[in-house]
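All remarks here apply to the structure that follows.
Structure, rendered in structure tokens:
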């Protein structure tokens, strides 16, 4: 079941992974340069992972919510230049995958 997440990831997962790696690496280098202690630098780098994960997931969730609002405006025929918000990711395929996943989910009583 855990591999299901990697089978159909959401559009924001690549940016999330890159930002986690970059934050870990940069924090590790900064702390190692300042303190000269590898263990403390590793611990400091590892402490940035939950922060990066939270920020990336909240950003993707907000973008998905805005995309759902924009979808209604696009269905009404509003041109792209008059839309109040530009989405970072294209959630069209992801929304279809969610619907398919909901339809195939067994009903539990």
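Residue numbers (our numbering): 33 to 141. Don't be surprised by glycine CBs; every beta carbon is placed ideally from N, CA and C. The structure displayed is predicted, hence computed values, not measured ones.
Helix, strand or coil for residue 134? Go by DSSP, reduced to three states.
helix
Residues near residue 115 by beta carbon distance below 7 angstroms, same chain, minus five either side
102, 105
Pair every Cβ in the stretch 65-75 with every Cβ in the stretch 87-102, then say whether three or more of these pairs are closer than 8 angstroms.
no
Suppose you measure from the CA of residue 98 to the CA of residue 132; what does that come to, to the nearest Å?
21 angstroms
I'd like to check one pair, residue 44 with residue 121: are the Cβ atoms closer than 8 angstroms?
yes
In angstroms, rounded to a whole number, what distance separates the CA positions of residue 96 and residue 123?
7 angstroms
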